[in-house]
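Count along the sequence shown from 1, then add 17; that gives the number in our numbering. Here a beta-carbon is modelled for each residue, glycine too, at the ideal position from N, C-alpha and C. Data block below; observations after.
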Amino acid sequence: MQAIFDELVLADLMQIIHRSSIRNINDNSIVNIYLYTYRKEWLDMLQIAFSLPPSNVHNSKLQDLSLDKFIEKCTQWAENSKEYALKYEGDLFSFPTHTAYEIGGRSFKDWFNSNWQKQERQEILKEIFSKQGMDIEINEKGYKSIYLKEVC
18 MQAIFDELVL
28 ADLMQIIHRS
38 SIRNINDNSI
48 VNIYLYTYRK
58 EWLDMLQIAF
68 SLPPSNVHNS
78 KLQDLSLDKF
88 IEKCTQWAEN
98 SKEYALKYEG
108 DLFSFPTHTA
118 YEIGGRSFKD
128 WFNSNWQKQE
138 RQEILKEIFS
148 KQGMDIEINE
158 KGYKSIYLKE
168 VC
């Protein structure tokens, strides 16, 4: 079923490209075609179908609004984590490390763990928390703790 869908989409794209070429059949200028897709294989199929050299096909990433939203939320959680850690910094009966659950409850823990599983987002988490003076430690069981860099 997926292969049939892919072939239909490819056929439609090729028809659109040919129609735009027919309109300007006597024109020798370069035609730019912009295709917005998450599926890089469609670009590869079009490249093969039109025998285009790799230099004629460019894959550019547009601004990722979901990533921008993630960064904003990450920054807010990093600030909240720092406030929480500073509140307990001088407490002799408190550990210098804190779990996501201690800092923000179940919602922060779930958000943190789900984003930690994605390598790109894991790096962003580390970077943003680091800018707030925080670090993330993983113990031998895989549990993550958040702490102020100066304390540990």
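Within the model, the alpha-carbon separation for Glu119 versus Lys78 is close to 37 Å. In the structure shown, Lys166 falls within a coil segment according to DSSP collapsed to helix, strand and coil.
Judged by pairs of C-beta atoms under 8 Å, the segment 90–103 touches the segment 123–132, as three or more such pairs exist.
In chain order, Ile88, Cys91, Thr92, Ala95 place their CB closer than 8 Å to the CB of Ile145, counting only its own chain and leaving out the 5 sequence neighbours on each side. Residue nearest to Lys57 within the set Arg138, Asn76, Gly107 is Asn76 (criterion: CA-CA distance). With respect to the C-alpha of Leu165, the residue from Arg36, His115, Gln19, Gly122 having the closest C-alpha is His115. Cα atoms of Trp59 and Asn49: separation of roughly 16 Å, rounded to the nearest angstrom. Excluding residues up to 5 positions away in sequence, Trp94, Asn97 lie with their Cβ nearer than 7 Å to the Cβ of Gly121 in the same chain. Between the alpha carbons of Met151 and Ile163 lies a distance of about 7 Å. Secondary structure of Thr92 (DSSP, three-state): helix. Under the DSSP definition of a beta bridge, Asp127 lacks any partner. A distance of 7 Å or more separates the beta carbons of Lys86 and Gln149.
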